[in-house]
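Protein sequences appear in the order of chains A and B.
For the first sequence, the numbering used here gives the first residue as 72, with consecutive numbering after it.
For the second sequence, the numbering used here gives the first residue as 72, with consecutive numbering after it.
Number of protein chains: 2
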Amino acid sequence: MPKDKSSLKLVEPHVDAETRVHDDHHLSVRLWLRMLSCTNRIENFVRQNLQANFDTTLPRFDLMAQLERAPQGLKMSELSQRMMVTGGNVTGITDGLEKEGLVIREVDPTDRRVFRVKLTVEGQKQFRRMASEHEQWIIGLFEGMSVKHKNQLTELLGDLKQHISQSSEE
Amino acid sequence: MPKDKSSLKLVEPHVDAETRVHDDHHLSVRLWLRMLSCTNRIENFVRQNLQANFDTTLPRFDLMAQLERAPQGLKMSELSQRMMVTGGNVTGITDGLEKEGLVIREVDPTDRRVFRVKLTVEGQKQFRRMASEHEQWIIGLFEGMSVKHKNQLTELLGDLKQHISQSSEE
DNA sequence: AAAGAATAATTGACACTTGAAGTAGTTGGC
DNA sequence: GCCAACTACTTCAAGTGTCAATTATTCTTT
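Rendered as structure tokens:
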């Protein structure tokens, strides 16, 4: 167990080496746990509202949201990538939505391995109804926070996202 | 209330009074999506590492983490609350861990409805091994970020958590 | 053109998650 | 004491998620 991590970061100069290491280690974990906790709360809130008000689920909503901003349709693999889930998963969710007539698989004429998934007219209608309520929920959850703080938070998370991409791709 | 249908999209910057309000509304949604994206990436990273290095899962790890800081054991309902998941879920995860001898259900002598769930000695050993690696993963993911920014982020998320608690409890 | 590698999507096995319904134990008012 | 309401936990069905294996198609190489 390495005790010497002093090379890690610059820290306030008034603490001794041991405390510095200790604090620095736990700082990241604490931050992560807090982030997770916030996200989970919001996610649960949204999930419950989607269920109660529209009898649908977050993944379905997510998939439809991706399609809404891609009117030309998306390949299954593109959906998988954008939703950050595996391909097998996308198959299942698409099956469900297609069965309800909200989404359609169209064969790509240039490559018969590919499906282009699109929102149906019905799907567009339903999504728009959901999206505008969804926006209100989110605005409500964040309304206790000033615009300035929201911007700060957005920016910090942007940085984080950059750094993560580097660290986790090997 | 805006009849605007493009609620989830990022909008190109037209700059007039109307659009500014519009953007202001979208600020919260954008923030939320970014937060979700960061959390998902980290969570996926941790999940994969837990699977690859310890052949276990995040929920199992989570449950054991809760027990580790409660040596007197926890009731199923307490676990459910702390992990922010439903009771039925905790039953399943506990079943699995108990079957592997990492966790044990002890009957509470004062109330025969409740179980006190505890880590076994074997469970403690395994958890400590996992926890110290887990900490390194997290530190690694966040190491691109300065201590100052980590502190800022932690504080902003703390505020957010407060505000959310108020908004989402009715 | 045929063999082999690569890509797109699906399938199946298993784990997690919720919500609703069910079982067992406890509590409080009569 | 008794019974209704409440609490703690489990069970079940359906949806979500992963990974590994499979099928179908396209690309590459010869």
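We put the CB at the ideal spot given by N, CA and C, even for glycine.
These numbers come from a predicted model, not from an experiment.
- Counting the other CB atoms within 10 Å of its CB gives B/S203 a total below 16, which places it among the exposed residues.
- Only buried fits B/M106, as 16 or more other CB atoms lie within 10 angstroms of its CB.
- In this structure, A/M154 lies near A/L134, with their beta-carbon atoms less than 8 Å apart.
- Legend: CB atoms of the region 212–227 of chain B lying less than 8 Å from CB atoms of chain A belong to residues L212, F213, E214, G215, M216, S217, V218, H220, K221, N222, Q223, L224, T225, L227.
- DSSP, reduced to helix, strand and coil, places B/R184 outside both helices and strands of the structure shown, so it counts as coil.
- Per DSSP, reduced to three states, the secondary structure at B/R200 is helical.
- Exposed is the label assigned to B/S148, since fewer than 16 other Cβ atoms lie within 10 Å of its Cβ.
- By DSSP's assignment, B/I175 forms a beta bridge with B/K189.
- Annotation for A/T225: the continuous alpha helix (DSSP H) segment containing it runs 218–239.
- Residues of chain B whose Cβ lies closer than 7 Å to the Cβ of A/N111 are, in chain order, M155.
- Note on geometry: alpha-carbon atoms of B/S99 and B/F186 lie some 42 Å from one another.
- If you look at B/G158, you'll find it in the alpha helix (DSSP H) that goes 158–170.
- Our two residues, B/Q223 and A/Q122, have alpha carbons roughly 35 Å apart in a direct line.
- Only residues of its own chain outside the window of five on either side were considered, and among them M147, L150, S151 have a CB closer than 6 Å to the CB of B/V161, listed in chain order.
- Taking 8 Å as the threshold, the shortest C-beta distance from B/G229 to chain A falls below it.
- Contact with chain B is absent for A/K189, since none of that chain's Cβ atoms lies less than 8 Å from the residue's Cβ.
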